[in-house]
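Beneath this line is the structure, given in structure tokens, with notes to follow.
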Amino acid sequence: MPIQSMKGALRALLLVAVFAAGVWSHSSGLIDDFLWHLPDVQYLAVEHLWLTAISGSLAIGVAIPLGILLSRPSMARWAESLMQVLNVGTTIPTLAVLALSMSFLGIGTVPAIFGLFVATLLPIARNTYAGLKGVSPALMEAAAGIGMSPTQRLFRVELPNALYVIFAGIRTALAINIGTVPLAFLIGAGGLGELIFTGIDLYDPVMMLSGAIPTALLAILVDALIATIAFFIVPRGVNPARQ
Amino acid sequence: MIRLDSLTKVFDTPKGAVVAADHISMEVPAGEICILLGPSGCGKTTTLKMINRIVRPTSGKVFINGDDTTGMDTQTLRRNIGYVIQQIGLFPNMTIEENITVVPRLLGWDKARYRERARELMAMIALEPDAFLKRYPSELSGGQQQRIGVARALAADPPVMLMDEPFGAIDPINRAVIQDEFLKMQQALNKTIMFVSHDIDEAIKMGDRIAIFREGRLVQYDTPDDLLTAPKDAFVESFLGEDRALKRLNLVKVREIVSDEIGSVTPSDTLETALARIDDFGYSNAILMVNDKRQPAGIVSRSVARTTKGYCRDHFQSVPAAVHLDDDLRKVASLMFAHDITWLPCVDDDGRVCGQITQRAITSHLGSRYRARQAADATAAKE
């Protein structure tokens, strides 16, 4: 099998390269440089996660009820136009949102959390709305026809069937959130952005990377965490990951 | 019993008001299946959906078992009406058991009772409870899903069922099987059922009564037999099709027109006896030979009986076909055409010959209703 053996050779090559990079980075003192930033990274990563946790849970708490509200038949007349407003909202760069929020709320953690909240709100609300609207009309007719009240329909049929899409929204939103937190440093809120921007200003690539790499890792970690939660919470019958 | 009293639905559209159902009044007696039939857009589905208020009536009343439902709470009303739709609408997030027990759970049954009920229903629709209850709808075939859909509608044992083209999305072979199963279930359950269909053959097979709709109006409401023999106008006639006399074949069982007079011979009779019997009974070409249990064993043809000597047991041909008393005439006609014969022996449950059915008897039975009608028309014209 030529392809198989080629794959094996590539894998071996990769291992050698990684090992060589490790040896080089140790001998050149790079690893020690990084380790020098470790206490900062630990402290700032916790701060980073706090910013995400607070703004993210606020956003989830507001966006899901908002999406549900917009998907109600009584709101049908305004829902589409409101969704358009939200869509326009998503196109505003997050840095601009932070700048705007700073001009109203000043410098510090509160305006940063508000800016992050706004940036995170939109994808979740949009997915909640789209997920609920995507529940097949036949399902809704069956639910109504067998005598479920509107509330029962929402909790027993609509939400369980939209949950996968809602979770997809939460994953996107939190990934954006973690990636935006470094910008929050610019309006004085801390987080790993402190290492990144200071590193840029000081032409210190090691310092910059000590902020950038953990940020990327956090984003991947949180995404995996939400995916795991979705795996267990979304009912098996409507969970593509479990079929 | 379901009674509709002047039920009307007017939809407001940008092009103006559209009357989807125009003063529909009809009554379905308890325990009967009524098929609402017509081309698309004729108002049959709207009429059905007004009964459980999926569509709100503009005016008119619905009575169920004599009670006016107008003042009833919508949820309560719907929980007492079984509802089956063409798209099936099983909840994909729930297991089969959860799907079936939705209504009992809404009604607040305790767990032991609704779980027991789920197993009972699975037995009724002939699906193995242990194999299916814990599975999800997406793991089932279309036919199995619709069986579950029917079971869900029956779960709380509602007196009345509404079915909106329930078997429309199922392939023809499975559809016939499910229709038969459903009819069998209905014999035991005796529900009052309104059933929307656009398939005339399904209507004739399933319906005790058929209501034909056109452009929001109820054109004719009759038993299938009356409908096929006496269509009210050109529209009904064209809707039923030019072969509507043939469609009546489905409605008549062999039992109804079998003639119990049948000449036969036994294997030990001589061919002379056979020839004499053929002439006695006036048969033109053959006679049936039966064994000692009176089961059809062969036929002895006239030409052989006339030209040969010996016993029947040595000179017979095989029986081309026999029909059961409960077969319908459509099968009989098909067998006659297939074998190019004009009569068939009829057998009972034990396979014993109990009479014969002839092509003449079939045509005369089918024709009698028309002749009676023509006579009535002629008398009416004279007066």
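Taken in order, these protein sequences are the chains called H and F. Note that the first sequence covers residues 1 to 243 in the UniProt record's numbering. Note that the second sequence covers residues 1 to 383 in the UniProt record's numbering. We put the CB at the ideal spot given by N, CA and C, even for glycine.
Taking C-beta atoms under 8 Å as the contact rule, F:Arg-306 and F:Val-28 fail to qualify, at a distance of about 60 Å. Taking CB atoms only, H:Asn-127 has no neighbour in chain F less than 8 Å away.
Contact check for F:Glu-165 and F:Ser-138: beta-carbon distance about 22 Å, past the 8 Å limit, so the pair fails to qualify.
Counting only Cβ-Cβ distances below 7 Å, H:Ser-149 has contacts in chain F at Gln-75, in chain order. Under the 8 Å criterion on CB atoms, H:Ala-99 is classed as non-interfacial with respect to chain F.
At least one CB of chain H lies nearer than 8 Å to the CB of F:Met-94.
For H:Arg-72, the number of other beta carbons within 10 angstroms of its own is below 16, and it is reported as exposed. The region 363-374 of chain F makes contact with the region 223-237 of chain F: 3 or more CB pairs, one atom from each, lie closer than 8 Å.
The bridge partners DSSP lists for F:Thr-192 are F:Val-160. Of H:Ala-144, H:Leu-49, H:Ala-76, H:Ser-210, the smallest CA-CA separation from H:Leu-116 is found for H:Leu-49. Near chain F, meaning a CB-to-CB distance below 8 Å, the residues of the region 209-238 of chain H are Pro-235, Arg-236, Gly-237, Val-238. At least one CB atom of chain F sits nearer than 8 Å to the CB of H:Pro-160.
Under the Cβ distance rule, F:Val-55 does not count among the residues neighbouring chain H, no pair being separated by less than 8 Å. DSSP places F:Ser-6 in no alpha helix (DSSP H) but in the uninterrupted beta strand (DSSP E) bounded by 2-13. In this structure, the alpha-carbon of H:Leu-192 lies about 49 Å from that of H:Ala-143. Between H:Glu-141 and chain F, the shortest Cβ-Cβ separation is below 8 Å.
Taking C-beta atoms as the reference points, F:Cys-312 and F:Pro-345 fail to come closer than 8 Å. Linking H:Gly-169 to H:Thr-215 through their CA atoms gives a straight-line distance of about 20 Å. Assigned with DSSP and collapsed to three states, F:Thr-270 falls in strand.
Using beta-carbon distances, H:Ala-112 does not count as an interface residue toward chain F, since no partner is under 8 Å.
At a cut-off of 8 Å between beta carbons, H:Ala-241 makes no contact with chain F.
Per DSSP, the beta-bridge partners of F:Lys-61 are F:Asp-5.
CA-to-CA, the gap between F:Leu-335 and F:Asn-174 works out to about 23 Å. Annotation: the continuous beta strand (DSSP E) that includes F:Gly-298 extends over 296-301. Within the region 127-143 of chain F, the residues whose Cβ lies closer than 7 Å to any Cβ of chain H are, in chain order, Tyr-136, Pro-137, Ser-138. Cβ neighbours of F:Asp-68 within its own chain (closer than 8 Å, five residues either side excluded): Lys-61, Val-62. Counting only runs of 4 or more residues that sit fully inside the region 83-141 of chain F, the alpha helix (DSSP H) segments are 96-100, 102-106, 111-124, 129-132, in chain order. Between F:Ile-278 and F:Cys-34, the gap from beta carbon to beta carbon reaches 8 Å or more.
For F:Ser-25, no alpha helix (DSSP H) run applies; the uninterrupted beta strand (DSSP E) run containing it begins and ends at 16-28, by DSSP. For the C-beta of H:Val-157, the chain F residues within less than 7 Å are, from N- to C-terminus, Phe-91.
Counting C-beta atoms within 10 angstroms of its own C-beta, H:Thr-128 has 16 or more neighbours from the protein chains shown and is therefore classed as buried. Judged by DSSP secondary structure, F:Arg-56 falls outside any beta strand (DSSP E); it is assigned neither H nor E. DSSP, reduced to helix, strand and coil, places F:Pro-231 outside both helices and strands of the structure shown, so it counts as coil. A residue is called buried once 16 or more other Cβ atoms fall within 10 Å of its Cβ, and H:Val-110, having fewer, is exposed. Nearest CB-CB separation between H:Gly-145 and chain F: below the 8 Å threshold. Against chain H, a Cβ distance below 7 Å from F:Val-102 picks out Ile-146.
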